[in-house]
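**Q**
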Amino acid sequence: MDNEARRSFLKGAAAIGSTLAANSVVAQSSGAEKEKKSKAAGVAKTIARPGSDFMVDVIRSLGIDYIASNPASSFRSLHESIVNYGGNRKPEFITCMHEESSVAIAHGYYKAAGKPMAMLAHGSVGIQHAAMAVYNAWCDRVPVVLMGGNFMDAAQRRPGVEWAHCSQNPAALLRDYIKWDDQPASLQHFAESTVRAYKMAMTPPMEPVMIVADGMLQEEPIEDEKGLSIPKLALSAPPQGESGAVREAAKILSSHENVVIICERVARNQEGVKLMVELAEALNAPVVDLLGRMNFPTTHYLCRSSDGRALVRDADAILFLEVADPWGQLNSISDPHHEYRRVAKADVKTVHVTLADQLMKSNYQDMQRFCPVDISISADCQATLPSLIEAIRKIGNPKFGKTEALRKEYLQMKARTREAAALAWDASPVSTARLHAELWNVLKNENWCLAESRNGSWAARLWPATQHHNFLGQSGGAGVGYIAPAAVGAALANKDKGIVTAVVQPDGDLMYAPGVLWTAAHHRIPLLSVMHNNRAYHQEVMHLQKMAGLHNRRMDTARIGTAIEDPNIDYAKLAQAQGVWAEGPITDPAKIGPALQRALAVVKKGEPALVDVVTQGR
Amino acid sequence: MKWVFVLFVGTAFSQDGDVKRGQAAFLKYQCYTCHGTVGQGAERGAGPKLAPNPFPWAGFQFQVRTPRQDMPAYRREHLPDQDLADIYAYVRSIKPSPSASAIPLLKID
Numbered sequence: 001m002d003n004e005a006r007r008s009f010l011k012g013a014a015a016i017g018s019t020l021a022a023n024s025v026v027a028q029s030s031g032a033e034k035e036k037k038s039k040a041a042g043v044a045k046t047i048a049r050p051g052s053d054f055m056v057d058v059i060r061s062l063g064i065d066y067i068a069s070n071p072a073s074s075f076r077s078l079h080e081s082i083v084n085y086g087g088n089r090k091p092e093f094i095t096c097m098h099e100e101s102s103v104a105i106a107h108g109y110y111k112a113a114g115k116p117m118a119m120l121a122h123g124s125v126g127i128q129h130a131a132m133a134v135y136n137a138w139c140d141r142v143p144v145v146l147m148g149g150n151f152m153d154a155a156q157r158r159p160g161v162e163w164a165h166c167s168q169n170p171a172a173l174l175r176d177y178i179k180w181d182d183q184p185a186s187l188q189h190f191a192e193s194t195v196r197a198y199k200m201a202m203t204p205p206m207e208p209v210m211i212v213a214d215g216m217l218q219e220e221p222i223e224d225e226k227g228l229s230i231p232k233l234a235l236s237a238p239p240q241g242e243s244g245a246v247r248e249a250a251k252i253l254s255s256h257e258n259v260v261i262i263c264e265r266v267a268r269n270q271e272g273v274k275l276m277v278e279l280a281e282a283l284n285a286p287v288v289d290l291l292g293r294m295n296f297p298t299t300h301y302l303c304r305s306s307d308g309r310a311l312v313r314d315a316d317a318i319l320f321l322e323v324a325d326p327w328g329q330l331n332s333i334s335d336p337h338h339e340y341r342r343v344a345k346a347d348v349k350t351v352h353v354t355l356a357d358q359l360m361k362s363n364y365q366d367m368q369r370f371c372p373v374d375i376s377i378s379a380d381c382q383a384t385l386p387s388l389i390e391a392i393r394k395i396g397n398p399k400f401g402k403t404e405a406l407r408k409e410y411l412q413m414k415a416r417t418r419e420a421a422a423l424a425w426d427a428s429p430v431s432t433a434r435l436h437a438e439l440w441n442v443l444k445n446e447n448w449c450l451a452e453s454r455n456g457s458w459a460a461r462l463w464p465a466t467q468h469h470n471f472l473g474q475s476g477g478a479g480v481g482y483i484a485p486a487a488v489g490a491a492l493a494n495k496d497k498g499i500v501t502a503v504v505q506p507d508g509d510l511m512y513a514p515g516v517l518w519t520a521a522h523h524r525i526p527l528l529s530v531m532h533n534n535r536a537y538h539q540e541v542m543h544l545q546k547m548a549g550l551h552n553r554r555m556d557t558a559r560i561g562t563a564i565e566d567p568n569i570d571y572a573k574l575a576q577a578q579g580v581w582a583e584g585p586i587t588d589p590a591k592i593g594p595a596l597q598r599a600l601a602v603v604k605k606g607e608p609a610l611v612d613v614v615t616q617g618r
Numbered sequence: 001m002k003w004v005f006v007l008f009v010g011t012a013f014s015q016d017g018d019v020k021r022g023q024a025a026f027l028k029y030q031c032y033t034c035h036g037t038v039g040q041g042a043e044r045g046a047g048p049k050l051a052p053n054p055f056p057w058a059g060f061q062f063q064v065r066t067p068r069q070d071m072p073a074y075r076r077e078h079l080p081d082q083d084l085a086d087i088y089a090y091v092r093s094i095k096p097s098p099s100a101s102a103i104p105l106l107k108i109d
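Chains as they are written, first to last, in this note's numbering: chain F, 1 to 618; chain U, 1 to 109.
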């Protein structure tokens with residue numbers, strides 16, 4: 001719609017609204033005492049072009065396709081502009097039932113889409129709800145564009161709830177775990193800060209950012225549209241490792257017998273996976289993929305993620321690639337006795353390529369224990385890999401002849417995994433290995449994505465994964481409640497790409513904000529959820545047992561406060577009540593396969609489906 | 001250490017513990033949380049597999065009373081000898097699963 005057309009449309013709209021609004025009182029002055037009535041009886045006071053329309057233009061200029069949000073009055077004008085001015089397309093409003101879901105949807109979406117989406121929250125209570133999910137995104141180095149509504153000018157606030165829902169400094173609550181924020185005072189300021197925020201979020205180390213949209217700035221008319229401009233976005237190229245340090249690293253890695261590569265958040269896309277394969281082959285070194293992202297094909301003979309501890313123990317040199325906790329790879333602290341043990345050789349040589357030092361804050365301790373290394377390169381891994389590979393190839397790797405042994409060890413690892421998976425094959429509750437084998441059986445002919453995946457899981461151990469979108473890693477901060485909404489976000493990103501998104505959904509995680517199932521149904525987001533329903537906060541059951549053992553007390557009480565039973569939750573009903581196709585609870589393992597086939601058919605029609613399986617603890 | 005040895009001797013022949021009662025005790029004392037209900041072991045280091053081919057009774061008992069690492073210790077006053085003997089009888093009774101090669105769904109790769 002051009003401006004001319006928009007004006008005449010709005011004139012018409014104003015005429016229709018006039019009789020309804022004859023007596024409306026519109027507070028537009030900054031003086032609280034001055035009462036303003038509509039100009040003349042019978043003429044509605046309307047705002048033809050509110051600031052929030054311009055905000056939509058800014059958001060759209062960044063290519064943001066979705067905004068996840070639980071609706072709230074502090075951004076009602078922006079909401080209305082998204083829906084009516086923007087036509088609810090690019091960005092489309094994704095209705096959420098909890099701000100934690102909004103953020104985690106955006107978190108999962110980024111990891112599948114490779115670009116951020118936005119979320120909108122009240123600057124006060126909404127952000128309070130959102131906070132844990134923001135922390136997860138922070139720990140996971142994921143860009144999310146957080147937007148908050150707030151009325152800065154106290155004189156404009158409506159009495160009562162609006163005051164309770166405003167704050168002086170909305171982003172203060174999040175500032176320990178976001179990269180940057182602003183609360184712009186003008187529309188031009190909004191445009192510049194939003195583009196800046198987006199750019200910063202997307203510059204590695206990527207992180208969430210926040211922009212607070214002032215309520216009056218949203219609701220009041222744009223004063224001088226010609227004077228406004230939206231800055232052009234040019235994303236920063238990620239920082240590459242310093243060439244001298246890269247050469248030194250290549251020298252160390254090429255001059256040792258047993259080299260291990262440990263990677264966590266390296267690949268941003270398939271190109272990153274390809275580079276990782278080139279690096280591993282250049283060194284002919286086994287790779288332990290901690291799976292913060294899908295970094296390395298599980299089908300490659302150098303993929304030895306299940307053998308991490310043994311490989312570290314024998315390593316002469318270790319290359320860490322964006323590993324959050326390298327200290328924890330070289331050392332261990334036992335549980336529950338907190339006994340220290342060195343795992344690696346005392347003189348192992350270490351290289352770390354990481355951006356961690358460039359972005360640390362003090363309060364939250366996600367920085368992990370300080371780990372001294374021999375060479376530390378502050379750089380983006382994927383951007384640095386080409387020069388590192390080249391430097392290694394130039395030196396030439398003298399350690400030929402290991403390939404056969406490495407292939408054999410790989411096959412042995414796979415065989416061990418399959419034998420372990422066969423144990424308890426017919427057990428009820430269903431074994432987690434069986435659950436994953438059944439799920440693989442329905443995914444194996446699809447282009448698939450597992451929305452949450454971790455090193456050591458049956459999926460990582462059993463499934464042949466070669467594509468960057470196959471495994472999306474974990475929450476980052478291990479804040480429970482991530483998996484269900486992140487999977488919905490991933491499925492949202494994947495739905496137009498012909499990728500089937502699945503998730504092994506723990507019961508405790510789903511119950512944080514199960515309303516996200518409704519969001520999936522409402523927006524026709526095709527997600528295949530398979531419940532890993534062990535009817536407990538199972539990790540906590542084990543913690544309680546450890547404490548009881550430590551305190552020399554009875555152990556049969558460990559399910560008090562940790563079990564999710566009596567009554568059991570019927571997850572199929574929970575899903576059905578929200579419009580999601582569902583079956584279960586299934587206790588007979590033979591019934592899982594057929595149920596998953598039926599669920600897959602629903603998902604392939606474009607809708608979510610859930611199969612509840614009662615499982616072993618882990 | 002000495003009392004443990006004595007304990008071994010004292011209950012060395014308790015393998016004739018009761019399988020049914022042992023299964024109930026395995027659940028009651030919640031061995032299954034870390035080892036699975038049929039002793040298959042649990043993901044990500046929660047606990048190793050116990051069956052088939054469990055530790056010999058002496059080693060089994062020693063591990064439960066004085067675990068070598070992260071497993072919680074079950075002392076006698078909270079897990080009586082007879083219950084542990086029953087648990088062992090249960091663990092020993094667990095039949096081997098079919099081998100992976102006999103399971104079509106595990107023919108992956």
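Backbone N, C-alpha and C define an ideal beta-carbon position, used for all residues, glycine too.
1. Who are the near neighbours of U:Ala51 in its chain, counting only those whose CB is closer than 6 Å to its CB and skipping five residues on each side?
2. Can you tell me whether DSSP reads F:Gln505 as helix, strand or coil?
3. Bridge partners for F:Asp214 per DSSP, in chain order?
4. At the 7 Å Cβ level, is F:Thr615 part of the contact set with chain U, yes or no?
5. Beta carbon of F:Ile377, beta carbon of F:Ala250: below 7 Å?
6. Reducing DSSP to helix, strand and coil, say where U:Tyr90 ends up.
7. By the criterion of Cβ-Cβ separation under 9 Å, what are the contact partners of F:Asn552 in chain U?
8. When the Cα of U:Gln87 is compared with those of U:Pro54, U:Ala42, U:Gly47 and U:Ala46, which residue comes out closest?
9. Out of curiosity, what's the CA-to-CA distance linking F:Ala391 and U:Gln63?
10. Provide the residue span of the beta strand (DSSP E) that contains F:Cys620, from first to last.
11. What residues are listed by DSSP as bridge partners for F:His352?
12. Taking the Cβ atom as the reference point for each residue, do F:Asp509 and F:Ile564 lie within a distance shorter than 7 Å?
13. Where DSSP assigns a beta bridge to F:Leu528, which residues make up the other side?
14. Looking only at C-alpha atoms, which of F:Gln578, F:Met542 and F:Asn533 sits nearest to F:Asn568?
15. Rounded to whole angstroms, what is the Cα-Cα separation between F:His122 and F:Ser475?
16. Would you identify the three-state DSSP class for F:Tyr177, choosing helix, strand or coil?
17. Who are the near neighbours of F:Asp181 in its chain, counting only those whose CB is closer than 6 Å to its CB and skipping five residues on each side?
18. For F:Ile262, tell me which candidate among F:Arg158, F:Ser457, F:Asn447 and F:Gly328 has the shortest Cα-Cα distance.
19. Compute the beta-carbon to beta-carbon distance between F:Ala133 and F:Tyr537, rounded to the nearest angstrom, for a pair I have assumed lies under 8 Å.
20. Flag U:Asp109 as yes if its beta-carbon sits less than 7 Å from any beta-carbon of chain F, otherwise no.
21. Just how far apart, CA to CA, sit F:Leu472 and F:Leu411?
22. So F:Asn441 contacts chain U; which residues on that side make the cut at Cβ distance below 7 Å?
23. For F:Arg313, report the span of its alpha helix (DSSP H) as first-last.
24. Using CA coordinates, which residue listed in F:Ala548, F:Ala201, F:Met152 and F:Asn70 is at the minimum distance from F:Asp335?
25. Among the residues of its own chain, which have a CB less than 7 Å from the CB of F:Thr562, if the five just before and after it don't count?
26. Across which residues does DSSP place F:Pro50 in a beta bridge pair?
27. With distances taken Cα to Cα, identify the nearest neighbour of F:Glu622 among F:Val348, F:Glu339 and F:Asp588.
28. Classify F:Ala121 as helix, strand or coil using the three-state DSSP reduction.
29. From F:Ala493 to F:Ala112, what does the alpha carbon distance come to, in whole angstroms?
30. Using 7 Å as the threshold, is the C-beta distance between F:Lys90 and F:Asp65 below it?
31. So is F:Trp448 in contact with chain U if we call contact Cβ pairs under 7 Å?
32. With DSSP run on the structure shown, which of helix, strand or coil describes F:Tyr66?
33. Can the beta-carbon of F:Asp289 be found less than 7 Å from the beta-carbon of F:Phe296?
34. Leaving out five residues on either side along the sequence, give the residues of the same chain with a beta carbon under 7 Å from the beta carbon of U:Lys107.
35. Below 7 Å between beta carbons: does that hold for F:Ala451 and F:Ala487?
36. Please classify F:Ile499 as buried or exposed, where buried requires at least 16 other C-beta atoms within 10 Å of its C-beta.
**A** Checking against the coordinates, here is how it stands:
1. Residues of the same chain with a CB within less than 6 Å of the CB of U:Ala51, apart from the 5 flanking positions on each side, are Gly39, Val91 and Ile94 in chain order.
2. strand
3. For F:Asp214, which the question treats as bridged, DSSP gives the partners F:Asn150.
4. no
5. no
6. Reduced to three states, the DSSP call for U:Tyr90 is helix.
7. Ala73, Arg75, Glu77 and His78
8. Per the sequence presented here, residue 87 of chain U reads as Ile, with Gln not at that position. The option with the nearest alpha carbon to U:Ile87 is U:Pro54.
9. Cα atoms of F:Ala391 and U:Gln63: separation of roughly 50 Å, rounded to the nearest angstrom.
10. The question about residue 620 of chain F has no answer here: the residues shown for chain F are numbered 1 through 618.
11. F:Phe320 and F:Ser376
12. no
13. F:Ala502 and F:Ala609
14. F:Asn533
15. 23 Å
16. helix
17. Around F:Asp181: Ala171 and Met210.
18. F:Gly328
19. Not confirmed; about 19 Å, so no contact.
20. It does: the Cβ of U:Asp109 has a partner Cβ on chain F nearer than 7 Å.
21. 25 Å
22. Leu105
23. Gly308 to Asp314
24. F:Ala548
25. Ala536, Tyr537, Glu540, Val541 and Leu544.
26. F:Pro50 has F:Pro221 as its beta-bridge partners, per DSSP.
27. The question about residue 622 of chain F has no answer, for chain F in this structure spans 1 to 618.
28. Strand.
29. 6 Å
30. Against a cut-off of 7 Å, the Cβ pair of F:Asp65 and F:Lys90 comes out as a contact.
31. The C-beta of F:Trp448 comes no closer than 7 Å to any C-beta of chain U.
32. strand
33. In this structure, F:Asp289 places its C-beta atom within 7 Å of the C-beta atom of F:Phe296.
34. Contacts found: none.
35. yes
36. buried
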